[in-house]
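K.L.:
Residue numbers (the working numbering): 212 to 695. From the three backbone atoms N, C-alpha and C, an ideal C-beta is built for every residue, glycine too.
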Amino acid sequence: MSDDSGSEPSPDTRDGYDQARWADGDRYEPLLSEKNNREVEVDTPLPDHLTRDSLELPQLSEPELARHYTRLSQMNYGIDSGPFPLGSCTMKYNPKFTEDLAAAPEAGVHPDRDGDTIQGTLELYGQLQEYLASIGGMDTVTLQPPAGAAGELTGVLIAQQFHEHNGDDRSEIVVPDSAHGTNFASAAMAGFDVVELPSGEDGRVDLDALEAALSEDTALLMLTNPNTLGLFERDIVEIAEMVHDVGGLLYYDGANLNALLGRARPGDMGFDIMHYNVHKTFATPHGGGGPGAGPVGVSDELASFLPTPHVRETDDGFERYEPEHTIGKVHGFCGNWLVLIKTAAYIARLGDEGLVDASAKAVLNANYLAEQIEYEIPFGPFHHEFVASAGDQDAADVAKRMLDYGVHPPTTKWPEIVDEALMTEPTEIENKRTLDQLAAAFNAVADEDEETLEAAPNRTASRRIDQVGAARNPQLSWQALDEE
Ligand SMILES: Cc1ncc(COP(=O)(O)O)c(C=O)c1O
Numbered sequence: 212m213s214d215d216s217g218s219e220p221s222p223d224t225r226d227g228y229d230q231a232r233w234a235d236g237d238r239y240e241p242l243l244s245e246k247n248n249r250e251v252e253v254d255t256p257l258p259d260h261l262t263r264d265s266l267e268l269p270q271l272s273e274p275e276l277a278r279h280y281t282r283l284s285q286m287n288y289g290i291d292s293g294p295f296p297l298g299s300c301t302m303k304y305n306p307k308f309t310e311d312l313a314a315a316p317e318a319g320v321h322p323d324r325d326g327d328t329i330q331g332t333l334e335l336y337g338q339l340q341e342y343l344a345s346i347g348g349m350d351t352v353t354l355q356p357p358a359g360a361a362g363e364l365t366g367v368l369i370a371q372q373f374h375e376h377n378g379d380d381r382s383e384i385v386v387p388d389s390a391h392g393t394n395f396a397s398a399a400m401a402g403f404d405v406v407e408l409p410s411g412e413d414g415r416v417d418l419d420a421l422e423a424a425l426s427e428d429t430a431l432l433m434l435t436n437p438n439t440l441g442l443f444e445r446d447i448v449e450i451a452e453m454v455h456d457v458g459g460l461l462y463y464d465g466a467n468l469n470a471l472l473g474r475a476r477p478g479d480m481g482f483d484i485m486h487y488n489v490h491k492t493f494a495t496p497h498g499g500g501g502p503g504a505g506p507v508g509v510s511d512e513l514a515s516f517l518p519t520p521h522v523r524e525t526d527d528g529f530e531r532y533e534p535e536h537t538i539g540k541v542h543g544f545c546g547n548w549l550v551l552i553k554t555a556a557y558i559a560r561l562g563d564e565g566l567v568d569a570s571a572k573a574v575l576n577a578n579y580l581a582e583q584i585e586y587e588i589p590f591g592p593f594h595h596e597f598v599a600s601a602g603d604q605d606a607a608d609v610a611k612r613m614l615d616y617g618v619h620p621p622t623t624k625w626p627e628i629v630d631e632a633l634m635t636e637p638t639e640i641e642n643k644r645t646l647d648q649l650a651a652a653f654n655a656v657a658d659e660d661e662e663t664l665e666a667a668p669n670r671t672a673s674r675r676i677d678q679v680g681a682a683r684n685p686q687l688s689w690q691a692l693d694e695e
């Protein structure tokens with residue numbers, strides 16, 4: 212946290228906030244297809260069975276197009292609009308210099324080009340593998356998985372292949388009840404039975420419960436440290452010993468690595484496999500299940516199981532090769548190159564000292580914000596995030612009402628060990644002034660009545676949307692809308 216608020220007083224709430232609403236009466240900004248559609252004759256040398264007779268395309272000028280997308284962006288809330296303290300899901304500001312580097316003409320190489328002609332690209336892969344390995348205390352890192360969740364599945368498949376290779380038939384993965392849903396999903400997707408580990412009264416792993424959950428069937432224990440309550444697993448060395456004693460492996464969900472960056476390393480704690488959520492720990496666009504990156508680090512004994520191709524340095528330069536017992540491919544080529552450029556650039560720009568400073572600020576900011584808000588925080592001491600309880604209020608209503616104060620709300624209703632959870636992670640990017648603004652929004656909402664909360668949001672472009680419908684039945688094209 213930096214106190215760069217100058218001589219200006221700290222803000223109270225953003226009481227006069229109103230989000231832009233581009234609409235004509237009840238009609239929002241029209242779809243492009245509704246703006247000016249015209250049949251376009253298609254004249255092409257391609258054979259008939261590969262072409263259409265005509266194409267309905269919007270005929271719009273460049274300014275019309277630019278205005279359309281600017282209006283849509285103004286009706287949205289993003290990290291470039293204001294604070295976004297989404298616990299665990301972590302939204303971080305992406306410094307623009309990383310975007311410039313990824314957009315440089317030199318970055319536009321085809322991933323299938325001959326190795327001799329892209330030595331610079333492969334060298335950057337190699338360098339980033341090394342950066343990440345050294346940050347995590349791992350021996351080798353693959354950059355192929357396209358998101359944290361995809362990294363988890365990759366790690367689980369590596370563990371599976373490792374056990375199978377050793378002729379060891381293991382069917383269970385142990386996951387604490389405070390873990391992210393993707394941990395359960397990744398284990399189940401790979402065909403394992405999931406053993407849920409109940410948290411102890413202090414919100415951490417309970418060693419007796421762990422003892423009861425572990426057996427000769429345990430392939431893996433998946434652990435987030437600090438966990439999703441922001442609590443450091445103090446017994447981690449003992450936990451690692453217990454898992455290894457039954458022949459299992461220990462997996463680190465790297466979602467919360469920004470709390471430890473430059474200070475402690477999962478590899479040194481006894482973890483065998485880990486993923487890095489580069490959008491949480493460094494700064495890249497969100498993994499979002501696919502378009503980002505979720506590199507996976509492993510110890511030496513697991514290196515031969517990594518996805519193919521992997522990049523390594525030889526006497527003749529850098530090359531892609533197939534690891535001996537590879538699990539196969541988990542994504543195209545060597546991963547999402549343009550996202551990986553941003554990760555490498557961010558790490559290089561911050562350097563050792565900058566990374567250590569980032570973790571200090573992530574923890575300081577969470578603790579400062581927690582001190583300022585009126586909601587109760589049942590578990591601590593926490594690191595980079597905390598989970599407050601909305602108490603008698605409904606956490607989802609609190610979230611909607613916070614939008615009226617011009618800030619994004621925290622993650623709500625998870626983890627379930629906290630009643631009406633408000634899981635909050637301001638991250639290292641915010642300064643004192645913004646944290647005060649966030650705290651003022653929390654506290655304003657804490658004092659409001661149920662009726663006000665249930666009526667919220669009032670100042671946003673759209674009111675309450677059908678969240679379940681949007682997730683389960685998304686309409687991703689104008690054709691789907693037209694068909695309704
Ligand atoms: C603890 C934890 N693990 C894993 C994930 C999955 O990461 P990604 O969104 O990059 O797929 C998340 C996502 O927010 C998370 O919070």
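With a threshold of 8 Å, are at least 3 pairs of Cβ atoms found where one atom belongs to the stretch 387–406 and the other to the stretch 439–454?
P.N.:
yes
K.L.:
Go ahead and label D291 buried or exposed: buried means 16 or more other beta carbons lie within 10 angstroms of its beta carbon, across all protein chains shown.
P.N.:
exposed
K.L.:
Taking 8 Å as the cut-off, is the C-beta of D183 nearer than that to any heavy atom in ligand 1?
P.N.:
Since the first residue of the chain shown is 212 and the last is 695, residue 183 is not available in this structure.
K.L.:
Opposite S600 in the DSSP bridges: which residues?
P.N.:
For S600, which the question treats as bridged, DSSP gives the partners E587 and A632.
K.L.:
Let's see if you can read the secondary structure: which residues bound the alpha helix (DSSP H) around M433?
P.N.:
Counting along the chain, M433 falls outside any alpha helix (DSSP H), though it belongs to the beta strand (DSSP E) covering T429 to T435.
K.L.:
Please report the residue range of the alpha helix (DSSP H) in which S397 lies.
P.N.:
G392 to M400
K.L.:
With distances taken between CB atoms, is the gap from A577 to A601 smaller than 9 Å?
P.N.:
no
K.L.:
In terms of residue numbering, what span does the beta strand (DSSP E) encompassing A531 cover?
P.N.:
This sequence places Arg at residue 531; Ala is not what is there. From DSSP, the beta strand (DSSP E) with R531 extends over G528 to Y532.
K.L.:
Taking 9 Å as the CB-CB limit, is R675 close to chain B?
P.N.:
No chain B appears in this structure, which consists of one protein chain only.
K.L.:
Starting from the Cα of A556, find the closest Cα among D605, E582, V489 and M634 and give me that residue.
P.N.:
V489
K.L.:
Hey, is T439 close to ligand 1, as in C-beta under 8 Å from one of its heavy atoms?
P.N.:
yes
K.L.:
Please classify Q583 as buried or exposed, where buried requires at least 16 neighbouring CB atoms within 10 angstroms.
P.N.:
exposed
K.L.:
Let me confirm a value: L339 is counted as buried when at least 16 other C-beta atoms fall within 10 Å, else exposed. Which label applies?
P.N.:
buried
K.L.:
With DSSP as the reference, identify every bridge partner of V679, one or two as the case may be.
P.N.:
Beta-bridge pairing links V679 to no other residue.
K.L.:
If you run the structure through DSSP and keep just helix, strand and coil, what is Y462?
P.N.:
strand
K.L.:
Tell me the rounded alpha-carbon separation between M400 and L364.
P.N.:
8 Å
K.L.:
Please report the residue range of the beta strand (DSSP E) in which T645 lies.
P.N.:
Counting along the chain, T645 falls outside any beta strand (DSSP E), though it belongs to the alpha helix (DSSP H) covering K643 to A657.
K.L.:
Can we say the stretch 511–528 touches the stretch 353–363, given the rule of at least three CB pairs closer than 8 Å?
P.N.:
yes
K.L.:
The alpha helix (DSSP H) that contains L276, what's its start and end?
P.N.:
E273 to Q285
K.L.:
Closest by CA to T663, which one among K553, K643, L614 and T635?
P.N.:
Of the candidates K553, K643, L614 and T635, the one whose C-alpha sits nearest the C-alpha of T663 is L614.
K.L.:
Could you check which residue in K303, V656, V567 and F597 has the C-alpha nearest to that of D603?
P.N.:
V656
K.L.:
Does the beta carbon of K491 fall short of 8 Å from some heavy atom of ligand 1?
P.N.:
yes
K.L.:
To which residues does DSSP link M485 through a beta bridge?
P.N.:
Y463 and G508
K.L.:
With 16 other CB atoms within 10 Å as the buried threshold, where does R381 fall?
P.N.:
Flag for R381 reads buried.
K.L.:
Since G362 and G478 should fall inside the 8 Å C-beta cutoff, what is the C-beta to C-beta distance between them, to a whole number of angstroms?
P.N.:
No, G362 and G478 are not in contact; Cβ-Cβ is about 16 Å, not under 8 Å.
K.L.:
So does the stretch 638–647 actually touch the stretch 677–687, counting three or more Cβ pairs closer than 8 Å?
P.N.:
The stretch 638–647 makes no contact with the stretch 677–687; the number of CB pairs closer than 8 Å stays below 3.
K.L.:
Any idea if E219 is buried or exposed, counting beta-carbon neighbours within 10 angstroms, 16 or more meaning buried?
P.N.:
Unreliable positioning characterises E219 in this predicted model, as indicated by a pLDDT of 46, which lies under 50. The coordinate reading is nonetheless provided below. With fewer than 16 other Cβ atoms within 10 Å, it is exposed.
K.L.:
Rounded to the nearest angstrom, what separates V405 and V367 at their Cα positions?
P.N.:
12 Å
K.L.:
When we look at the beta-carbon of Q371 and count the other beta-carbons within 10 Å, is it buried (16 or more) or exposed?
P.N.:
buried
K.L.:
Which residue from A681, M433, F597 and Y280 puts its Cα closest to that of A396?
P.N.:
Nearest C-alpha to A396 among A681, M433, F597 and Y280: M433.
K.L.:
If you drop the 5 nearest sequence neighbours on each side, which residues of the same chain put their C-beta closer than 6 Å to that of V196?
P.N.:
Given a span of 212 to 695 for the chain in the structure shown, any question on residue 196 remains unanswerable.
K.L.:
Out of K303, A666 and H594, state which residue places its alpha-carbon closest to the alpha-carbon of R612.
P.N.:
A666
K.L.:
Less than 7 Å between C-beta atoms, sequence neighbours within five positions excluded: which residues of the same chain meet that for G473?
P.N.:
D563, L566, V567 and S570
K.L.:
Which stretch, first to last residue, makes up the alpha helix (DSSP H) that contains R445?
P.N.:
Annotation for R445: no alpha helix (DSSP H) segment contains it, and DSSP assigns it neither H nor E.
K.L.:
Is G696 near ligand 1, judged by its Cβ being under 8 Å from some heavy atom?
P.N.:
For residue 696 there is no data in the structure shown, the boundaries of the chain being 212 and 695.
K.L.:
What residues match up with I384 in a beta bridge as DSSP calls it?
P.N.:
Looking at the DSSP output, I384 bridges to V405 and L431.
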